[in-house]
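Have a look at the structure below, then the notes.
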Amino acid sequence: MPLDLHFILFLLLRMAIAAAFVVSASVITERSGPVIGALVATLPVSAGPSYVFLAIDHDAAFIAQGALSSLPVNAATIFMALTYVVLAQRHDLAVSFGAAVAIWLAMASVIRLFDWTLAAGLAVNFIAFGICIPLLAGYRHVKMPLVTRRWYDIPMRAVLVATLVAIVVSTSGWVGPRISGIIALYPVVFSSMMVILHPRIGGPPTAAVLANSDWGLLGFGMAIAVMHVAVVQFGSALGLCLALGTCIAWNLTLWAIGRRAMRKARHKQ
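Each residue of the sequence shown is one higher than the one before, starting from 386 at the first, in my numbering.
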């Protein structure tokens, strides 16, 4: 098989696998309400496949360096969520989504200018989440209306994530680990939720999903830090598995804490 055809077929397979992950997660999100939906949305359903495919093509040092750039980008994502959540209360999709994406792009453009260390990336995350979590708290509790899926929802989500994976995989060899780490963290799931749910159920309910994602996104940042350290010590395969395990354990803990709080509230009533 010619080399170019082999690359194209392998790239299409990667795109299809990544798209399947994101579509499955977003369908679960729609059916489970804002709290569970937020926990699913903050699992690495988009960045995870991108990093797996990067690990296939590059060594552990590349993945570790990419993770250092991804860590501050996670802070940019929480500011993107905050921007959308606030604006979506009173504005339409174009204003809310456009401003949120502009904030993410502006912050990512600044992030790419620096060589990040693990300590600096963690510090930026803790500062960002220390600011955003209290501000998002008042927007979490909104009743989720029934969502009626349209024919183009799943294809659009699949195209979004497949395009991201194609960009990451195709350009990683010449843009290097820093830019690859930034591109891999573009919030495809958040973006698709905004674009699909906002016109259908309104800004506040859609914003509630993103507002509930703050603690889950903090755990995602910790998982990126774990990945950076682990791939250097144990290699890419085990490092990625440990990062995924960190995300899952963190979100399960959040889910358990939430259920316990609900039970206490019911007992008080």
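Glycine is no exception: its CB is placed at the ideal position from the N, C-alpha and C atoms.
Check: If we count the other Cβ atoms within 10 Å of its Cβ and call it buried at 16 or more, is residue 482 buried or exposed?
Finding: By the 10 Å Cβ count, residue 482 comes out buried.
Check: Less than 9 Å separating the beta-carbons of residue 629 and residue 459?
Finding: Their beta carbons are not under 9 Å apart, which means residue 629 does not touch residue 459 by this criterion.
Margin query: Helix, strand or coil, according to DSSP, for residue 571 in the structure here?
Written below: Assignment of residue 571 by DSSP, reduced to helix, strand and coil, places it in the coil class.
Notebook entry, point to check: Ordered along the chain, which non-local residues of its own chain (more than five positions away) have a Cβ less than 8 Å from that of residue 388?
Noted result: Any answer about residue 388 is weak, because its pLDDT of 40 lies below 50 and its placement is not dependable; what the coordinates show is given next. For residue 388, where only same-chain residues beyond five positions count, there are no Cβ hits under 8 Å.
Next item on the list: Output yes or no for whether 9 Å exceeds the beta carbon distance between residue 495 and residue 465.
Entry: No, the pair does not count as a contact, with Cβ atoms beyond the cut-off.
Checklist line | Under the three-state DSSP convention, the category residue 458 falls into | finding: In the structure shown, residue 458 sits in a helix (DSSP, three-state: H, G or I).
Check: At which residues does the alpha helix (DSSP H) containing residue 510 begin and terminate?
Finding: Judged by DSSP secondary structure, residue 510 falls within the alpha helix (DSSP H) whose first and last residues are 503-521.
Checklist line | Neighbour-count burial assignment, residue 479, 16 or more Cβ in a 10 Å radius | finding: Around the beta carbon of residue 479, a 10 Å sphere encloses fewer than 16 other beta carbons of the protein chains shown; the residue is thus reported as exposed.
Check: residue 391 to residue 560, Cα distance in whole Å?
Finding: Caution is warranted here: a pLDDT of 48 is assigned to residue 391, below 50, making its placement in the model unreliable, and no coordinate value can be reported.
Margin query: Going by DSSP in three states, residue 526 sits in which element: helix, strand or coil?
Written below: Coil at residue 526, not helix or strand.
Checklist line | Nearest-angstrom Cα separation, counted from residue 451 out to residue 564 | finding: Those two C-alpha atoms are separated by around 8 Å.
Item checked: Residue nearest to residue 430 in terms of C-alpha spacing, selected from 491, 501 and 574 -> Comparing Cα-Cα distances from residue 430 to each of 491, 501 and 574, the minimum goes to 574.
Next item on the list: Grab me the residues of residue 615's own chain with a C-beta within less than 6 Å of its C-beta, minus the 5 sequence neighbours each way, in chain order.
Entry: The answer, listed in chain order, is 624 and 627.
Check: Just the Cα atoms here: how many angstroms apart are residue 639 and residue 601?
Finding: Separation of residue 639 and residue 601 (C-alpha to C-alpha, rounded to the nearest whole angstrom) is 8 Å.
Item checked: Cβ separation of residue 474 and residue 593, assumed to be a contact under 8 Å, to the nearest whole Å -> The beta-carbon distance between residue 474 and residue 593, rounded to whole angstroms, is 10 Å. This is too long to meet the 8 Å contact definition.
Check: Whose CA, out of 644, 524, 520 and 455, lies closest to the CA of residue 612?
Finding: For the residues 644, 524, 520 and 455, the minimum Cα distance to residue 612 belongs to 455.
Margin query: At the level of alpha carbons, what is the spacing between residue 651 and residue 443?
Written below: Looking at the backbone, the Cα of residue 651 and that of residue 443 are separated by about 52 Å.
Notebook entry, point to check: Leaving out the 5 sequence neighbours to the left and right, which residues in its chain are closer than 7 Å to residue 469 when beta-carbon positions are compared?
Noted result: So the qualifying residues of the chain are 481, 482, 485, 579, 592 and 595.
Next item on the list: Using 10 angstroms around the beta-carbon of residue 583, count the other beta-carbons present and answer buried if the total reaches 16, otherwise exposed.
Entry: Around the beta-carbon of residue 583, 16 or more other beta-carbon atoms lie within 10 Å, marking it buried.
Notebook entry, point to check: If you draw a straight line from the alpha carbon of residue 567 to that of residue 597, how long is it in whole angstroms?
Noted result: Cα to Cα, the separation comes out at about 23 Å.
Next item on the list: Output yes or no for whether 9 Å exceeds the beta carbon distance between residue 493 and residue 513.
Entry: Result no, Cβ atoms of residue 493 and residue 513 do not sit closer than 9 Å.
Checklist line | For residue 572, the nearest candidate out of 548, 499, 633 and 586 (CA to CA) | finding: Ranking 548, 499, 633 and 586 by Cα distance to residue 572 puts 548 first.
Next item on the list: Along the alpha helix (DSSP H) that carries residue 443, what are the first and last residues, could you check?
Entry: Looking at the DSSP string, residue 443 is not in any alpha helix (DSSP H), and its letter there is neither H nor E.
Next item on the list: Look at the alpha carbon of residue 519 and the alpha carbon of residue 467, and state the distance between them as a whole number of angstroms.
Entry: Distance between the alpha carbons of residue 519 and residue 467 is about 10 Å.
Note to self: According to DSSP, simplified to helix, strand and coil, what is residue 620?
What the structure shows: In this structure, residue 620 counts as coil in the three-state DSSP scheme.
Next item on the list: Can you give me the start and stop residues for the alpha helix (DSSP H) that residue 481 sits inside?
Entry: It spans 478-496 - the alpha helix (DSSP H) in which residue 481 sits, taken as one unbroken run.
Margin query: With the cut-off set at 9 Å, would you say residue 633 and residue 507 are in Cβ contact?
Written below: Not a contact, by the Cβ cut-off of 9 Å.
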